[in-house]
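See below for the structure under consideration.
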Amino acid sequence: MNLKDEIRGEAFNRLQSIFLAAPIGIGFLVERVFIEVNPKFLEITGYSKEEILGNSSLLLYSSKEEYDIVGEEKYRQIRENGSGSVETKWRKKDGTIIDILLSSTPIDPNDHGKGVTFTALDITDRKLAENKVREKDIQFRKLSANVPDLIYQFTRSPDGKYTVPIASAGIINIFGCSPEDVTDDFGPIAKVIHPDDAARVTQDIEYSAKHLTFFTCEFRVQIPGKPVQWILSNSTPERLPDGSVTWYGFNVNITNSKKSGEQLFKLSRAVEQSSNAIIITDITGTIEYANPAASELTGYANEELTGCNTRVLKSGEHTPEYYSYLWNTISSGKIWVGELRNRRKDGELYWQATTISPIINDRGEVVNYLAINKDVTLEKRMAAELNEAKERAEESDRLKSAFLANMSHEIRTPMNGILGFSNLLKEPGLTGDQQQEYIQIIEKSGARMLNIINDITEIAKIESGLMNINSTRTNINEQIDYVYNLFIAEAEAKRILFLCKKPLFVKDTVINTDREKLLGILSNLVKNAIKFTSKGTIELGFTKGEEYLEFFVKDTGSGVPANRQKAIFERFVQADILNIKASQGAGLGLSISKAYVEMLGGKIWVESVEGKGSTFFFTLPLDKDKKSKGLSKNLKIDNNMEESIDKLKILIAEDDETSELLLELGVRKICKEMLKTRSGIEAVNICRANPDIDLVFMDIQMPGINGYEATRQIRTFNKDVVIIAQTAYGLSGDREKSIEAGCNDYISKPICISDLLTIIKKNLSHSK
1 MNLKDEIRGE AFNRLQSIFL AAPIGIGFLV ERVFIEVNPK FLEITGYSKE EILGNSSLLL
61 YSSKEEYDIV GEEKYRQIRE NGSGSVETKW RKKDGTIIDI LLSSTPIDPN DHGKGVTFTA
121 LDITDRKLAE NKVREKDIQF RKLSANVPDL IYQFTRSPDG KYTVPIASAG IINIFGCSPE
181 DVTDDFGPIA KVIHPDDAAR VTQDIEYSAK HLTFFTCEFR VQIPGKPVQW ILSNSTPERL
241 PDGSVTWYGF NVNITNSKKS GEQLFKLSRA VEQSSNAIII TDITGTIEYA NPAASELTGY
301 ANEELTGCNT RVLKSGEHTP EYYSYLWNTI SSGKIWVGEL RNRRKDGELY WQATTISPII
361 NDRGEVVNYL AINKDVTLEK RMAAELNEAK ERAEESDRLK SAFLANMSHE IRTPMNGILG
421 FSNLLKEPGL TGDQQQEYIQ IIEKSGARML NIINDITEIA KIESGLMNIN STRTNINEQI
481 DYVYNLFIAE AEAKRILFLC KKPLFVKDTV INTDREKLLG ILSNLVKNAI KFTSKGTIEL
541 GFTKGEEYLE FFVKDTGSGV PANRQKAIFE RFVQADILNI KASQGAGLGL SISKAYVEML
601 GGKIWVESVE GKGSTFFFTL PLDKDKKSKG LSKNLKIDNN MEESIDKLKI LIAEDDETSE
661 LLLELGVRKI CKEMLKTRSG IEAVNICRAN PDIDLVFMDI QMPGINGYEA TRQIRTFNKD
721 VVIIAQTAYG LSGDREKSIE AGCNDYISKP ICISDLLTII KKNLSHSK
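No gaps in the numbering here: position 48 of the sequence shown is 48 in my numbering, and each next residue is one more.
What follows is the structure, given as structure tokens:
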């Protein structure tokens, strides 16, 4: 044997040794039939050499389909790349399914028919690990899918690139993008961070990356089409072996908290800026170390804490079982997380959120405890305040809804009279008396609805302290008679005896008071009495005292429980009581009545026995000596007023067709030429083109520019034309705003033609 043969033999021997001792399966296949395999291959598959050699590799596959797929892919790779690698599953002799990484190389690259050399690596354990990771990822995504906030892993690579490898579904709520959008690109997040905050956010990230400090940052986010949102981001950094830094944390939308007010802002800032107190003890609880924040939290100097047992901080408000559970947890090597109510040196109690971790030595023994404490006293107080505010808001919303429902009923009642009798007027064959009767009912219903609207407006005035009192000389007997006649039919319909009791005197029944509010009080009380009385008697009347008139409405109805006799007079509350049990309280009008009585200088109360009936009392001061505006009278149209006004050139600037027609018909007898427009801009142009216009009716609310602005522009070139403002608002201050804008006078809708003609005559006489 020559040297070449000897070397060749040694190489063959080494290859054979490698083949036999290799930790992976190795073998040879010709046309996918096993020619040779090594021991590791037999170990992996569980077959003997005799069972394998000469058999097709189909033996190891669960199906012919899988066998064909692997073959096609493997030989495709061999043709294209010179070798092939495929992950597949084999079935061992005992039926166990294993994961295999199968790599193949042709023995002769130019002739694949000579067979291939293959390696088989059992990757079952790796696959199991990958599946576990995948399952954990799926679990994380499922858990975080319903969390509106963002849970994330944020990474800064050594070259400064930002990515978000993990993000919960809440990212769409925070940044308006999906988790997939930011896996390899921070751009979708960066572009929605407010420009004024972007530099500061980057600065805080870089500082945290450099010093590995806890990252906390508040910043604004501007998602297109949505309002600016405030975001709080908190996360803990970790430096990885490759030099990159990754943070694990969460983002929370704190926009509402930002808007909660200065007090909440101060409380929030106080919580954010508080430092954690760190204490290290031995296994008996004796303090070995306390940082300055611990001294500040407990009130003890550092020297006083060191060497002292933590029992000194106990408040005595936790049970022995509570502390026993704490010690059992940490002494067994587990972490305890909870809250403790402790006592400072000065005796003051405080709450702290505490995490106690055992410190374990190399032998697995607990040698110390590390306690991280955060003062959460303010947080608990803040949570209680927020919860209380939330409950108050919910209660207010609920009661206001009941209030609106009741108002809807009150408004629909006169509307029923207006619309019902308007339809009856259309019926043929009505006599003149019938028509007049229906018209009077419509007028009364309209007036009633206007009064209701005024009542609602006045409730708002009560809330703001702007309600006005219009005192006139008012005959009390006449008002009692009016209310009695108004409700007698309704009482008789329920077969209730309705009595009116008045003192015999007449002279002293005329007092200075607000007649409309008095009628409102009496009407509300009588209406409630009829509503809550199913049988028996209702009495309406008053008595005279030295300084007050005392009114009463007595019924034999269901009565009011003693614990609700004050609540029924409170705004919004009584509507809620009615919803609970109708027979337990009066109507919404009681709150209005209470406000009226108090504004008129009296007081209101109820005496009631549940199940037997109630008597509502209220007083009004006699006030006989004060000057008044004279006895209340209804306005009458001066039929000669139209004849006393010269024919005028009039402009009606009104965008409502019905209101425009009412004005046109109301002033047609004093009009020689009528101009009309429904736009503020056109009103200005018409006045500029017609300087001879005598009178302008200016609606305040019009498209384009409103009536105030139109009047200001007209006054720049015409100081003399009479301009009368008109509005459907009818709120206090509207007249002053109209005069300030340049109008001569003001009238609120609904417009009474006689009142309008009086205003026209007054202002035309002043302008001449």
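The beta-carbon is built from N, C-alpha and C at its ideal position, and this holds for glycine as well.
Nearest neighbour of residue i, chosen from the options [CA to CA]
{"i": "Asp99", "options": "Ile760, Gly249, Ile193, Leu121", "result": "Leu121"}
{"i": "Ser332", "options": "Ala353, Ile360, Val312", "result": "Ile360"}
{"i": "Gln726", "options": "Asp734, Leu499, Lys719", "result": "Asp734"}
{"i": "Asn328", "options": "Ile52, Arg343, Val366, Thr105", "result": "Val366"}
{"i": "Ile283", "options": "Pro358, Phe28, Asn38", "result": "Pro358"}
{"i": "Arg515", "options": "Ala493, Cys500, Ser471, Thr543", "result": "Ser471"}
{"i": "Ile604", "options": "Ile568, Glu547, Leu622", "result": "Ile568"}
{"i": "Ile670", "options": "Thr758, Gly559, Leu386, Glu206", "result": "Thr758"}
{"i": "Ile52", "options": "Ala169, Thr88, Lys93", "result": "Lys93"}
{"i": "Asp68", "options": "Ser83, Glu31, Lys49, Ser558", "result": "Glu31"}
{"i": "Ile172", "options": "Pro158, Pro224, Ile714", "result": "Pro224"}
{"i": "Lys544", "options": "Tyr708, Lys502, Ala529", "result": "Lys502"}
{"i": "Glu657", "options": "Arg678, Leu651, Glu388", "result": "Arg678"}
{"i": "Ala799", "options": "Gln229, Glu391, Lys719, Glu379", "result": "Here the chain covers residues 1 to 768 and nothing more, so residue 799 does not appear."}
{"i": "Glu709", "options": "Cys743, Ser534, Ala689", "result": "Cys743"}
{"i": "Ser765", "options": "Lys749, Val722, Glu736", "result": "Val722"}
{"i": "Asp181", "options": "Pro165, Asp196, His194", "result": "Pro165"}
{"i": "Tyr322", "options": "Asn475, Phe421, Glu339", "result": "Glu339"}
Bridge partner(s) assigned by DSSP for residue i
{"i": "Phe617", "result": "Phe552, Trp605"}
{"i": "Glu771", "result": "Since the first and last residues shown for the chain are 1 and 768, residue 771 lies out of range."}
{"i": "Pro237", "result": "Trp247"}
{"i": "Asn309", "result": "Thr286"}
{"i": "Met698", "result": "Ala653, Ala725"}
{"i": "Val86", "result": "Leu102"}
{"i": "Lys676", "result": "Ile652"}
{"i": "Thr281", "result": "Ile287, Tyr369"}
{"i": "Phe34", "result": "Leu29"}
{"i": "Ser748", "result": "Thr727"}
{"i": "Arg91", "result": "Ile97"}
{"i": "Glu218", "result": "Leu232"}
Own chain residues within Cβ distance below 6 Å of residue i, not counting five before or after
{"i": "Ile280", "result": "Glu288, Tyr289, Asn368, Leu370"}
{"i": "Ala582", "result": "Because the pLDDT of Ala582 is 41, which lies under 50, any placement of that residue in the model is unreliable, and the number read from its coordinates should be weighed accordingly. For Ala582, where only same-chain residues beyond five positions count, there are no Cβ hits under 6 Å."}
{"i": "Ile356", "result": "Ile330, Trp336, Tyr369, Ala371"}
{"i": "Ser274", "result": "In this prediction, Ser274 has a pLDDT of 46, which is less than 50 and means its spatial position is unreliable; what the coordinates show is noted afterwards. The residues are Asp375."}
{"i": "Gln701", "result": "none"}
{"i": "Cys753", "result": "Sequence inspection shows Ile at residue 753; the Cys mentioned does not correspond to that position. Within the same chain, Ile753 has close Cβ partners Gly666."}
{"i": "Ser738", "result": "Ala725, Tyr746"}
{"i": "Leu499", "result": "Glu539"}
{"i": "Ile637", "result": "Caution applies to Ile637, whose pLDDT of 38 falls short of 50 and renders its modelled position unreliable; the model cannot decide the point."}
{"i": "Leu497", "result": "Thr537"}
{"i": "Gln713", "result": "Val684"}
{"i": "Ile35", "result": "Phe28"}
{"i": "Leu525", "result": "Val553, Phe616"}
{"i": "Cys308", "result": "Ile287"}
{"i": "Ser83", "result": "Thr105"}
Whole-number beta carbon distance between residue j and residue i, since they are thought to touch under 8 Å
{"i": "Phe618", "j": "Leu663", "result": "Not quite, the Cβ-Cβ distance comes to about 42 Å (not below 8 Å), so this is no contact."}
{"i": "Leu600", "j": "Leu620", "result": "6 Å"}
{"i": "Asp694", "j": "Lys649", "result": "5 Å"}
{"i": "Gly25", "j": "Thr119", "result": "7 Å"}
{"i": "Leu150", "j": "Ala129", "result": "About 28 Å separates the two Cβ atoms, so there is no contact after all."}
{"i": "Ser614", "j": "Gly557", "result": "6 Å"}
{"i": "Phe175", "j": "Pro195", "result": "About 15 Å; that fails the 8 Å criterion."}
{"i": "Leu305", "j": "Ala294", "result": "6 Å"}
{"i": "Thr509", "j": "Asn485", "result": "Between Asn485 and Thr509 the Cβ distance is about 17 Å, and since that is not below 8 Å, they are no contact."}
Chain-order list of residues whose beta-carbon lies under 7 Å from that of residue i (same chain, five-residue window excluded)
{"i": "Pro106", "result": "Ile78, His112, Val116"}
{"i": "Gln565", "result": "Val606, Ser608"}
{"i": "Ser56", "result": "Arg32, Val33"}
{"i": "Leu622", "result": "Ile511, Glu547, Tyr548, Leu549"}
{"i": "Ala301", "result": "Ser295"}
Contact set for residue i: own chain, Cβ-Cβ below 8 Å, skip 5 residues either direction
{"i": "Pro237", "result": "Ser208, Ala209, Leu212, Thr213, Phe214, Phe215, Val245, Thr246, Trp247"}
{"i": "Glu50", "result": "none"}
{"i": "Ile480", "result": "Cys500, Lys502, Leu522, Leu540, Gly541, Phe542"}
{"i": "Leu450", "result": "Pro750"}
(request) For the region 318 to 346, list the alpha helix (DSSP H) runs that are entirely contained and at least 4 residues long, ordered along the chain. (result) Segments of the alpha helix (DSSP H) lying fully in the region 318 to 346: 320 to 331.
(message) Going residue by residue through the region 469 to 547, where are the continuous beta strand (DSSP E) segments of at least 3 residues, counting only ones entirely within it?
(response) Given a length threshold of 3 residues, each whole run of the beta strand (DSSP E) inside the region 469 to 547 is given here in chain order: 472 to 475, 497 to 501, 510 to 513, 537 to 544.
(request) Return the chain-ordered ranges of every alpha helix (DSSP H) run that is complete within the region 129 to 211 and spans a minimum of 4 residues. (result) For the region 129 to 211, the continuous alpha helix (DSSP H) assignments of 4+ residues that do not extend past its boundaries occur at 171 to 174, 187 to 190, 195 to 211, in sequence order.
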